[in-house]
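Asks:
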Amino acid sequence: MGSEKVFLPSTTELQHFVINLLKDLRALDTMLEQDVFEKNPIRIGAEQELCLIDKNWKPAMKNMEVLAKANNKLFTTELARFNLETNMEPLEFKGKCLSVMEKTLLDLVGKLRKAANSLDVDVILTGILPTIRKFDLTMENLTPVERYRALCEALQDLRGTEHLELKINGTDQLMTAHDSPLMEGCNTGFQVHLQVKPEEFVEKYNIAQAIAGPALAIATNSPILFGYRLWHETRIALFQQSIDVRTVGNNLRNRSARVMFGNRWVKNSILEIYKEDIMRFKVLLGSTKKHQDPFELLKKGKMPSLDHLLVHNSTVYRWNRPCYGVANGKAHLRIENRVLPSGPTVKDEVANAALWLGLMNGLGDHYKNIPDVMEFDHAKMNFLRACRNGMNSSFTWVNGKEVYATELLAKELLPIAAEGLKKAGVDKTDIKHYMDILKGRIKTGQTGSQWMLDSYTKLIKTHSREEARAAITASISQQQKENIPIHKWKPATIGSIGSWKPSELLVEDFMQTDLFTVYEDDIIQLVAEIMDWERLKYVPVENKDGKLIGLMTARNLMRYLLKSYGGEKLPLEEQEMVTVKDLMIKEPITIGPGDSLSKAIEVMQSNDIGCLPVIKQGELLGIMTEQDYLNVAGRLIYNRK
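This is the structure:
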């Protein structure tokens, strides 16, 4: 997110901020002309985002407590109270830097885990936590830091509506609305930084765009959201939609999303990107830092921090983000790769980083100028294909060549990455070790996403989706701690859950969402057939706005049929025209998605009913029946296999 010293500005404050932002940009232009940037040694770095989970493998809202317990300047907050981030000190891009990166990250995650365990929670690396629920994404679970609240308020103000719509199609289809930008908190990534020389920025940035698709295809780890099987890297679509402030209009005006891949190749310098972002995207936040005149600092031989430029840059989410920084009194430029997801293991993450870093350093030796051999739209489409299909993608590569992801990676990109790492002076043992991990994924076809999808599809054949999500999360946690690369992972089993206690979970975890409903003016014969076809005991009655207005039960229907026809089935044309409105329960007892499962059982028992429609603000979300709980409770009686 950037600086903590930010706030939601008034119109006057915003105007002053923009003046200083433009001054920062002009100062950067001057610095490029004067060639004042550090060029050697080249350094790499990483940011590790992660989730906190409780004993039931659900999000644990304890990031502030864990941070206080850990007491380490390298650990920081993220948007949601179930997220944390750890930042690695930069390393020189040479020698054993990759294995040192792995060891350092394992040490940092281990320290966070120790602090979390003392509070009866744990940490987990995963692009999207499989067990996360919409109920977890209320503003109550926003990390209590001013910059996050200011950002959420600014985004909502720009959007002009409280409701955020999500539409993502995969094996399943997710269509839902949400009233909080906290949806972004579902995403956790592994961001890799590479320092670049100013004169090489254009070449390196265009390479980063060109390789985004292939680099992501072999690294996907975010296929499941709210129990829906969506994109192999659902995180990309979710992030874009969760903070999208564009509204639908009647015209065909082209507007860029604030989360973006980009619109064209870079031609001249890093300034092009910063200028485009200023032109396209409204300033969201102000800075409480007193603005220091960057030109005065340059006259004194000091490097300006360009705080206002950095604050604005932190609110535009390019998947390859340009970065300016000052360290030890020296200014430098970096490219931040935001494409890669968190997990499945630290070892896998470092292998992903090795591929990206190697290609960044080696691809230019094979293709002197990427824009000469590849259309920008092909690079962008390759990225979207990788998001949707992972290693099952096909790409349009250089010179319009159509090639499958696995073939491109195995025959061309992995060898080039190895060359690029060797060129940087990276230890040959490190190179072989991490390239072998990537080769293992290609050989088995098993990325983190493919492992999750295969495990989930198998588990839901015999278990509830909630059990399957818990089992996958438990298995990730267990195998991740052993730091075994994903291509060697065993499928998740229901036995991974261990001491899982469904009574402590929520209605949202167990409710049925694939519903057959009827309207109040439907004829009763239609309801009878629907109940017979699907063997249903309960059918909700909703209006055209999706609001629950009643409930049809098999018992009520049977009573009517016996009373009217004495069990005799008359031809349809001879039956009385009775509508749902005449027989439905008009004010059924309901429950909310955030209520506990134990409360749902208590309500059903005390009222002698077997069904609870689940509603929020009158809208029908699902149904909870006694059978849903009995199915789970019955399995818990027997030994898990």
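Take the sequence shown: its letter number 587 is residue 1241 in the numbering used here, and every next letter is one higher. Positions of the beta carbon are idealized from the N, C-alpha and C atoms, including for glycine.
Output yes or no for whether 8 Å exceeds the beta carbon distance between residue 1024 and residue 871.
Replies: no
Asks: So is residue 1180 in contact with chain B if we call contact Cβ pairs under 8 Å?
Replies: Absent from the structure is chain B; it holds one protein chain and no more.
Asks: Less than 8 Å between the C-beta atoms of residue 778 and residue 707, yes or no?
Replies: yes
Asks: DSSP puts residue 974 in a beta bridge; with which residues?
Replies: 991
Asks: Taking residue 730 as the reference, which of 766, 696, 758 has the closest Cα?
Replies: 766
Asks: What does the alpha-carbon distance come out to for the pair residue 759 and residue 1280?
Replies: 46 Å
Asks: Just checking my contact of residue 762 with residue 728 at CB under 8 Å: how many whole Å lie between their CB atoms?
Replies: Yes, residue 762 and residue 728 are in contact; Cβ-Cβ is about 6 Å, under 8 Å.
Asks: By DSSP, does residue 1058 sit in helix, in strand, or in coil?
Replies: strand
Asks: Could you tell me which uninterrupted alpha helix (DSSP H) segments, each at least 4 residues in length, are contained entirely in the region 1056-1123, listed from first to last along the chain?
Replies: 1059-1062, 1068-1077, 1082-1098, 1102-1113
Asks: By the 10 Å Cβ neighbour count, where 16 or more other Cβ atoms means buried, how is residue 933 classified, buried or exposed?
Replies: exposed
Asks: Report the partner residues of residue 1166 according to the DSSP bridge assignment.
Replies: When DSSP reads this structure, residue 1166 sits in a beta bridge with 1277.
Asks: For residue 992 and residue 661, I'd like the C-alpha separation in whole angstroms.
Replies: Between residue 992 and residue 661, the C-alpha separation is close to 25 Å.
Asks: Could you have a look at residue 841 and say whether DSSP puts it in helix, strand or coil?
Replies: strand
Asks: When you compare the CB positions of residue 966 and residue 1004, do they come within less than 8 Å of one another, or not?
Replies: no
Asks: Indicate the three-state DSSP secondary structure (helix, strand or coil) for residue 646 in the structure shown.
Replies: Nothing can be reported for residue 646, as the shown portion of the chain is limited to 655 through 1295.
Asks: Hey, quick one: how far does the beta strand (DSSP E) through residue 1192 stretch, first residue to last?
Replies: 1192-1196
Asks: May I ask you to report which of helix, strand or coil DSSP gives residue 1261?
Replies: coil
Asks: Can we say the region 875-889 touches the region 1020-1034, given the rule of at least three CB pairs closer than 8 Å?
Replies: no
Asks: Checking 8 Å against the spacing of the C-beta atoms, do residue 920 and residue 860 come in under that value?
Replies: Yes. Within cutoff.
Asks: For the putative contact between residue 851 and residue 984, defined by C-beta atoms under 8 Å, what is the C-beta separation to the nearest angstrom?
Replies: The Cβ separation is near 13 Å, so there is no contact.
Asks: Ignore the nearest five residues each way along the sequence and tell me which others in residue 1047's own chain have a CB closer than 6 Å to its CB.
Replies: 871, 1039, 1040, 1059
Asks: If you draw a straight line from the alpha carbon of residue 1181 to that of residue 927, how long is it in whole angstroms?
Replies: 59 Å
Asks: Note down, in chain order, each residue of its chain lying with its Cβ closer than 7 Å to the Cβ of residue 1087, except the 5 sequence neighbours on either side.
Replies: So the list is empty, once near-sequence residues are dropped.
Asks: So who's on the other strand from residue 776, going by DSSP bridges?
Replies: 707
Asks: Can you look up residue 894 in the DSSP assignment and give me helix, strand or coil?
Replies: Here residue 894 carries a helix assignment [DSSP, helix/strand/coil].
Asks: If we ignore side chains and look at the alpha-carbon of each, how far apart do residue 1083 and residue 875 end up?
Replies: 26 Å
Asks: For a quick check, are the C-beta atoms of residue 1167 and residue 1193 less than 8 Å apart?
Replies: no
Asks: Determine, using beta carbons only, whether residue 640 and residue 820 come nearer to each other than 8 Å.
Replies: Residue 640 is absent from the structure shown; the chain starts at 655 and stops at 1295.
Asks: Measuring only the C-alpha atoms, how far is residue 907 from residue 797?
Replies: Since pLDDT at residue 907 reaches only 45, below the 50 mark, its modelled position is unreliable, and the value read off the structure follows with that caveat. Those two C-alpha atoms are separated by around 36 Å.
Asks: My output table needs one value for residue 1146: the three-state DSSP class, helix, strand or coil.
Replies: coil
Asks: Answer with buried or exposed for residue 596, where buried requires no fewer than 16 other C-beta atoms within 10 angstroms of its C-beta.
Replies: Because the chain in this structure spans residues 655 to 1295, residue 596 falls outside the shown range and cannot be described.
Asks: Measuring alpha carbon to alpha carbon, tell me which of 1142, 1065, 1050 ends up nearest residue 1095.
Replies: If we check each option's Cα against that of residue 1095, 1142 comes out closest.
Asks: What does the alpha-carbon distance come out to for the pair residue 1099 and residue 1045?
Replies: 7 Å
Asks: With residue 805 as the anchor, note down where its alpha helix (DSSP H) starts and where it stops.
Replies: 800-813
Asks: In or out: residue 918 buried (at least 16 other Cβ within 10 Å) or exposed?
Replies: exposed
Asks: Count the other CB atoms, across all protein chains shown, that sit within 10 Å of the CB of residue 1209; report buried if there are 16 or more and exposed otherwise.
Replies: exposed
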